[in-house]
Every structure is written in structure tokens, then in C-alpha cells.
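Visitor: Its first residue numbered 1, the sequence shown is counted upward by one per residue in our numbering. Each residue gets a CB set at the ideal place from its N, CA and C atoms; glycine is no exception. Bear in mind the structure is a predicted one, so any value in this text is a computation, not a measurement.
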Amino acid sequence: MIILTVVGARPQFIKAAALSRVLRQKHTEILVHTGQHYDPMMSDIFFEELAIPKPDYNLGIAGGTHAEMTARMLSAIDDTLVWEKPDALLVYGDTNSTLAAALAAVKRQIPILHVEAGNRLHTLQNPEEINRVLTDHMATKLFACVHSAMDELQKENLADRAYLVGDPMYDAFTYYRSIGKAEVPATVTNINGAAEPIPETYCYLTCHREENTKDERNLSQVLQAMEELEMNTYYPVHPRNLETVIRLREQLSLEKVKLLAPLGYLESIAMVSHAQHIVTDSGGVQREAYFAQVPCVTVFDYAVWPETMHDYCNQLAKPDQHDILCKLQAKPNFMADGHPFGDGHACEKIVSIIDRGL
1 MIILTVVGAR
11 PQFIKAAALS
21 RVLRQKHTEI
31 LVHTGQHYDP
41 MMSDIFFEEL
51 AIPKPDYNLG
61 IAGGTHAEMT
71 ARMLSAIDDT
81 LVWEKPDALL
91 VYGDTNSTLA
101 AALAAVKRQI
111 PILHVEAGNR
121 LHTLQNPEEI
131 NRVLTDHMAT
141 KLFACVHSAM
151 DELQKENLAD
161 RAYLVGDPMY
171 DAFTYYRSIG
181 KAEVPATVTN
191 INGAAEPIPE
201 TYCYLTCHRE
211 ENTKDERNLS
221 QVLQAMEELE
231 MNTYYPVHPR
241 NLETVIRLRE
251 QLSLEKVKLL
261 APLGYLESIA
271 MVSHAQHIVT
281 DSGGVQREAY
291 FAQVPCVTVF
301 DYAVWPETMH
311 DYCNQLAKPD
321 QHDILCKLQA
331 KPNFMADGHP
341 FGDGHACEKI
351 VSIIDRGL
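Given below as C-alpha cells:
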């Protein structure tokens, strides 16, 4: 079977690293990179360090409004589908790349395989929610990571095409940790290109969502909360936020918040795995914190992954200094038995279902 896979953003590269390794044992995969994450440290490094096959197509589409980006991707992916004539399209998650690919495929009557289906925030104010809902309703087969996603698909009358398989990100996390790829380096690269030493005790921060970075007051509150901690905080800064973060660091006289260049996946999971606390607004990092059993505070209004929210393992906080610091005081209790994200073999289950036919 010929399967055309479309990726465009960091979390999708990680999932593709896990799934492509299994998928290509039985099927021919054509990999299309839309270019949605265009910075080399947000894209190229993931392909290199995770040994993801080089994309067959790199569309180089990034920037512009959501509508502009999606429209350009839709047209380019449609051309690719015409040229390659795949038996199925495979997409991950909820990016503009995902929606554009699904729209192109459904118009061509090509079956769509959606990995990480069923997640819901129940608000259309979040652009990713629009992408994931529309993609789910166009898809032929829906692969859900967790029980709550299956419940949502049931509510939308999509259960007849949905499968609970587990989380490919958990597959990747367990695989790279098992081969010794999650040890904290002695130093990482800061925004000036110099080596930044990593102490034994630290907090790890990621903050990139528009809700937290577009309003400088929100971002300031997050940074000031980190400055109040006894330990240093290490913050790999997204390229689009770098100028603002540097200016705020100077205005707020921050000394304990260390700004890093974007990290590769292996460096990132190492930092997550050995941190004292995680503060993030990333759906992927909050899951990785849960996988590593590190307490996490998520600066967001909605529970993206409710399975992580039990017993203070992951808590929602407002972009408010006091609220973040208060949530960081909680003592989590991680589950001793069982794992809501599967057994580390989600990719094998996905391929087995694909093997049964479309």
C-alpha cells in the first residue's frame, strides 16, 4: 500500500519518527513536509537526530494568516496527491498542515488516516480545535490516544471508525529513553550561541502559544513567576518570540530565567525527564512531563489532556504570577499501575489496523 504522510510541525515529526519506523516495514510511505515550522532548529534537527527519512517533498510553506497558509498548503498537497496517487493519506494532530492535507484528500476521495483523533477543548476560539474537528469528520479511520478522545468521538457519532491505540508520542518517549538518549547534557546552547551549564536542580519552561505571548502582560507574569523560584529556569525560546522575551528579560531584570536556543527532541526530553518542575503551554511537553512523572503546571485555559490532570500531576494555571507559584507548591501523586497513554506500542497497533484494509 502507498501511504502519503503529511507533517509540518515539531510534534508531528516526533510521532512520524515512531510510526514511520513501523509503517515502512510493510508499506511504501511518501513523506511530505509542508514547511510550517521553517526554522532549522524547529525542523531539520528533528529529522537528523530521530533518523526520520528525508521528506520526498518539502513544500516550503510558512507564514501568513491561518487562511493563507492553509490555502497554499491545500493547493500544493493536491498537486502531490495527483502525482503520487496514494492509497491513503496519513495525518497527525491538529495543525494547518493536517487540515489542508485532509481537505485535499477528501476532495480526491482518498481515504484519510488521522492519528491523535478525538481531542476536544469545546471552543472554536482555539484554531487547532477547528482543524482537529474538521479532520476527524473527514477521516476514514480515527486513531485515538486516550479514552477521553474515544468518548468525544462517540458523542460525535464517529465511534464506528475510531480505534483506541495509545499515543505515538509515548512510543517515541519510551523508545529513545530505553536506548539511553535522555541523559541531560552538561551544557546546552543559550540564545547567544554560548554553552549554558545545567545544574542538578532546575525548572524547565516552554511558552509559545499566542494566548500567552501576544499579550506581553501575560508573558511577563509567567517570567516573573519563574524568577521567584529558588532554582534557575531554562527556557528554550521559540524564534518568533525571541525579540519580545529578550526585551522583557531586561525590563524585569531577570537573572534566574536562562534563555536557550530551541532544543532538539532528545535534549528536550532529557531536560523534561530530570527537571524539578515543568511549566508549559505545550500539549506535547505536558504529556512528556507526565510520562517522566515530573510535576507540571500548564498555562492554558483548557485541559488538552485530562488524563494528566489527576492528583496534581498536571494543573492548569492562568498567566498570573501568583497562580503559577501557588500551583507549583502542590505535591503530585502519579499512578503506580497502568498508563492512560498506552503500552508504548501504539504504532504497531495502528499499522495492524491499516493492514486489515481501508
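Give the DSSP-derived three-state secondary structure of Ile112 in the structure shown.
Guide: Here residue 112 refers to the residue found at position 112 of the sequence shown. Looking at Ile112 - three-state DSSP - the assignment turns out to be strand.
Visitor: Under a three-way DSSP split, which group does Gln125 fall into?
Guide: Translated into positions along the sequence shown, residue 125 becomes position 125. Coil at Gln125, not helix or strand.
Visitor: Got a sec? Which residues, its chain only, sit under 6 Å from Leu90 by beta carbon, not counting five neighbours each side?
Guide: Counting from one through the sequence shown, the residue named residue 90 turns up at place 90. The beta carbon of Leu90 lies closer than 6 Å to those of Ile3, Thr5 and Leu113 in the same chain, with the five residues before and after it left out.
Visitor: Can you tell me whether Asp311 is buried or exposed? The criterion is at least 16 other CB atoms within 10 Å of its CB, across all chains shown.
Guide: In the sequence shown, counting from the first residue as 1, residue 311 sits at position 311. Its Cβ having fewer than 16 others within 10 Å, Asp311 is exposed.
Visitor: Do Met231 and Leu205 count as a contact pair if the criterion is CB distance below 7 Å?
Guide: Along the sequence shown, one-based indexing puts residue 205 at 205. Along the sequence shown, one-based indexing puts residue 231 at 231. No, they are not a contact pair.
Visitor: Confirm, please, whether the CB-CB distance from Met73 to Ala100 is below 7 Å.
Guide: Translated into the one-based positions of the sequence shown, residue 100 becomes position 100. Translated into the one-based positions of the sequence shown, residue 73 becomes position 73. Using a Cβ distance threshold of 7 Å, Ala100 and Met73 count as a contacting pair.
Visitor: Quick check on DSSP: helix, strand or coil for Gln315?
Guide: Against the sequence shown, residue 315 aligns to sequence position 315. Three-state result, Gln315: strand.
Visitor: How big is the Cα-Cα spacing for Val299 and Thr123?
Guide: What you label residue 299 is simply residue 299 of the sequence shown in a count that begins at 1. What you label residue 123 is simply residue 123 of the sequence shown in a count that begins at 1. Rounded to whole angstroms, Val299 to Thr123 spans 17 Å at the Cα level.
Visitor: Please state the DSSP three-state secondary structure of Glu196.
Guide: To locate residue 196, count along the sequence shown from 1; it is residue 196. The DSSP-derived three-state label of Glu196 is strand.
Visitor: Please report the distance separating the alpha-carbon of Lys258 from that of Thr233.
Guide: On the sequence shown, residue 258 is found 258 positions in, with the first residue counted as 1. On the sequence shown, residue 233 is found 233 positions in, with the first residue counted as 1. The C-alpha of Lys258 lies about 6 Å from the C-alpha of Thr233.
Visitor: Would you mind sorting Leu252 into buried or exposed? The rule is 16 or more other CB atoms within 10 Å of its CB.
Guide: Taking the sequence shown and counting its residues from 1, one reaches residue 252 at position 252. Classification for Leu252: exposed.
Visitor: Would Phe291 pass as a contact of Tyr170 if the rule is Cβ separation under 7 Å?
Guide: On the sequence shown, residue 291 is found 291 positions in, with the first residue counted as 1. On the sequence shown, residue 170 is found 170 positions in, with the first residue counted as 1. Result yes, Cβ atoms of Phe291 and Tyr170 sit closer than 7 Å.
Visitor: From Ser273, Leu219 and Tyr202, pick the residue whose C-alpha is nearest to that of Gln321; which is it?
Guide: By 1-based counting over the sequence shown, the position of residue 321 is 321. With distances taken between Cα atoms, Gln321 lies closest to Leu219.
Visitor: In the DSSP assignment, what are the bridge partners of Cys203?
Guide: For the purposes of this step, residue 203 is identified with residue 203 of the sequence shown, where counting begins at 1. Its beta-bridge partners are Thr233 and His277.
Visitor: Given Ile198, which residues of its chain have a CB within under 8 Å of its CB, disregarding the five upstream and five downstream residues?
Guide: Walking along the sequence shown from the start, residue 198 turns up at place 198. Once the five neighbours on either side are set aside, the close Cβ partners of Ile198 are Val184, Pro185, Ala186, Thr187, Val188, Tyr234 and Met271.
Visitor: The beta strand (DSSP E) spanning Cys296 covers which residue range?
Guide: The count along the sequence shown starts at 1 and reaches residue 296 at position 296. Residues Cys296 to Val299.
Visitor: Taking 7 Å as the cut-off, decide whether the C-beta atoms of Leu153 and Ala162 are in contact.
Guide: Your numbering for residue 153 matches position 153 in the sequence shown. Your numbering for residue 162 matches position 162 in the sequence shown. In contact: Leu153 and Ala162 (Cβ atoms closer than 7 Å).
Visitor: Could you work out which residue in Leu223, Asp281, Lys54 and Leu254 is closest to Ser20 when comparing CA atoms only?
Guide: Taking the first residue of the sequence shown as position 1, residue 20 is located at position 20. Among Leu223, Asp281, Lys54 and Leu254, the Cα nearest to that of Ser20 is on Lys54.
Visitor: Between Tyr234 and chain D, is any beta-carbon pair separated by less than 7 Å?
Guide: Absence of chain D from the displayed structure is noted, only one protein chain being present.
Visitor: Would you kindly check if the distance between the Cβ of Thr34 and the Cβ of Ile61 is under 7 Å?
Guide: What you label residue 61 is simply residue 61 of the sequence shown in a count that begins at 1. What you label residue 34 is simply residue 34 of the sequence shown in a count that begins at 1. Yes.
Visitor: Short check: CB of Arg108 to CB of Asn119, under 7 Å?
Guide: Here the question's residue 108 lines up with position 108 in the sequence shown. Here the question's residue 119 lines up with position 119 in the sequence shown. For Arg108 and Asn119, no; Cβs fall outside 7 Å.
Visitor: For a quick check, are the C-beta atoms of Ile278 and Ala261 less than 7 Å apart?
Guide: Working through the sequence shown from its first residue, we reach residue 278 at position 278. Working through the sequence shown from its first residue, we reach residue 261 at position 261. No, they are not a contact pair.
Visitor: Cutting at 6 Å between CB atoms, please list the residues of its own chain near Val245, excluding the five before and the five after it.
Guide: For the purposes of this step, residue 245 is taken as residue 245 along the sequence shown, with counting starting at 1. Excluding residues within five positions, the ones whose Cβ falls inside 6 Å are Val237.
Visitor: Look up Glu183 in the DSSP assignment and say whether it is helix, strand or coil.
Guide: Along the sequence shown, one-based indexing puts residue 183 at 183. DSSP places Glu183 in coil when its eight states are reduced to three.
Visitor: Over what stretch of residues does the beta strand (DSSP E) that includes Thr5 continue unbroken?
Guide: The residue given as residue 5 occupies position 5 in the sequence shown. Segment Ile2 to Val7, the beta strand (DSSP E) holding Thr5.
Visitor: Ile354 by DSSP, collapsed to three states: which one?
Guide: Locating residue 354 in the sequence shown gives position 354, where the first residue counts as 1. The answer is helix: DSSP assigns Ile354 an H, G or I state.
Visitor: Would Pro168 and Cys347 be called neighbours here (beta carbons separated by less than 7 Å)?
Guide: In the sequence shown, the residue the question calls residue 168 occupies position 168. In the sequence shown, the residue the question calls residue 347 occupies position 347. Yes.
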